[in-house]
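Working notes, structure below.
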Amino acid sequence: MDSLLKKTFKTAAGHEYTYWTAKAKDGKPTLLLLHGNPDSAALWTDLIINFLQPEGYSVIAPDLLGFGSSDKPEGVENYTMSSLSKDLLAILDNEGLKQVIPLGHDFGANLASKFAAFAPERVSGLVTLGTAYIPPSPYPFDFEQIRAMQEQYVGYCSIWYFPLFTSEEGYRVIDENVENMFTALHGGGERMKEVCCYEGAMEKWLREPSNVEKEVLPYAKDAQYRKEWIDRMEQNSFRAPLDWYKATSRSLDLQAESNALQAGNHIIKAPYLFVAALTDPLAPSAAVQGPIAQGTLPDVTLEEVDASHWCMHERPTEVGQAVVRWLSSKF
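In terms of the working numbering, the sequence shown opens at residue 8 and continues consecutively.
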């Protein structure tokens with residue numbers, strides 16, 4: 008990220024963000040890159056340096072609230088999609104940008120989706136990696152309902168980690184076992200399914216000392232990558248990142264999402280690219296078919312990569328090429 012300009016900005020809510028920017032060439036659009044949990048803006052290094060910058064696209068890549076060098080305030084209300092979207096709008100205003108293309112992964116894909124619904128006039132396109140577009144919902148979060156539905160249609164529940172993540176002691180369990188969390192998340196699709204998709208499995212994995220030595224995917228075998236990941240999470244704690252999940256499980260955005268639905272903003276009129284990760288058990292690629300069938304994605308492009316959750320690490324060339332190919336065709 009050395010070729011990008013590093014900035015800090017404090018929003019009206021008092022949240023200080025660290026973010027990186029690169030200017031566009033020839034009037035090309037700006038991509039707002041939104042990482043997920045437990046990442047930082049560094050997630051986008053390869054995509055920016057090897058694909059977006061060479062093609063002349065502008066980027067804004069923040070450490071999102073609770074992550075990296077940005078603030079980590081206490082209070083679950085700071086981590087709602089509507090509150091985070093207001094912070095992002097403040098950053099865009101600070102940069103003098105009228106419109107951007109949000110591109111998100113993991114929880115960042117949810118934020119990108121909601122940003123597009125909360126502020127459609129500021130969005131010229133939308134990209135999500137792995138996780139399909141998540142429209143606003145008029146219903147409160149109901150874990151048991153989601154579990155039953157997924158077990159019926161998929162055969163397992165992809166969010167069995169939620170009870171740990173949303174418990175009061177969950178972040179401490181992870182903080183005490185960060186190296187096990189690394190092997191849990193970076194061992195590939197079957198590993199993530201084993202750890203994340205069955206009742207009590209994640210906590211059991213985290214508390215087993217021998218799991219520190221378990222095999223990980225090739226990108227995660229890089230000693231520097233592993234050290235930086237573990238050092239960052241040991242320094243920052245999982246407390247704030249897990250507040251994103253608590254805000255979701257408490258349905259704190261219910262009114263904001265209902266308002267977006269009533270305004271018709273769940274229909275993404277801008278071009279949308281979904282890059283499906285075919286072996287990611289947490290985000291089945293078929294999830295995009297519902298919004299397509301409901302008419303909420305009238306201008307959708309579908310791409311697929313043979314990868315699990317961190318597709319931009321497993322298949323950086325395929326993901327990067329898919330993104331710039333879509334950008335060149337739509338903009």
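We put the CB at the ideal spot given by N, CA and C, even for glycine.
The three-state secondary structure of residue 163, taken from DSSP, is coil.
Just measuring C-alpha positions, the residue of 281, 81, 36, 29 sitting nearest residue 56 is 29.
Taking a C-beta distance under 9 Å as the contact criterion, residue 188 and residue 240 qualify as a contact pair. Comparing alpha-carbon positions, the option among 112, 103, 102, 92 lying closest to residue 121 turns out to be 92.
Our two residues, residue 134 and residue 295, have alpha carbons roughly 12 Å apart in a direct line. Across the structure, residue 226 and residue 193 are spaced so that their CA atoms are roughly 9 Å apart. Straight across, the Cα-Cα distance linking residue 68 with residue 22 is about 16 Å. Per DSSP, residue 112 lies in no alpha helix (DSSP H) segment; the continuous beta strand (DSSP E) that holds it begins and ends at 108-112.
DSSP, reduced to helix, strand and coil, places residue 335 within a helical segment of the structure shown.
Taken in chain order, no unbroken stretch of alpha helix (DSSP H) lies wholly in the region 24-63 with a span of 4 residues or more. In the three-state DSSP reduction, residue 255 falls in the helix class (H, G or I). Contact between residue 209 and residue 191 holds, since their C-beta atoms are separated by about 7 Å, short of 8 Å. In the DSSP assignment, residue 69 falls within the beta strand (DSSP E) that extends over 65-69.
The DSSP-derived three-state label of residue 247 is helix. Between residue 116 and residue 137, the C-beta gap is smaller than 9 Å, which places the two residues in contact. Within the DSSP secondary-structure output, residue 219 pairs in no beta bridge. Between the beta-carbon of residue 277 and that of residue 82 there is about 32 Å, and that puts the pair past the 8 Å contact cut.
Residue burial annotation: residue 126 is buried, with at least 16 other C-beta atoms found within 10 angstroms of its C-beta.
Secondary structure of residue 148 (DSSP, three-state): coil. Around the beta carbon of residue 58, 16 or more other beta carbons lie within 10 angstroms, which makes this residue buried. Residue range 88-102 is occupied by the alpha helix (DSSP H) that includes residue 91. In the three-state scheme derived from DSSP, where H, G and I count as helix and E and B as strand, residue 176 is classed as coil.
Around residue 250, the same chain offers 83, 86 as residues with beta carbons nearer than 6 Å, after the five sequence neighbours per side are excluded.
Excluding its 5 nearest sequence neighbours in each direction, residue 315 has C-beta neighbours in its own chain below 7 Å: 195, 196, 199, 284, 286, 287, 321, listed in chain order.
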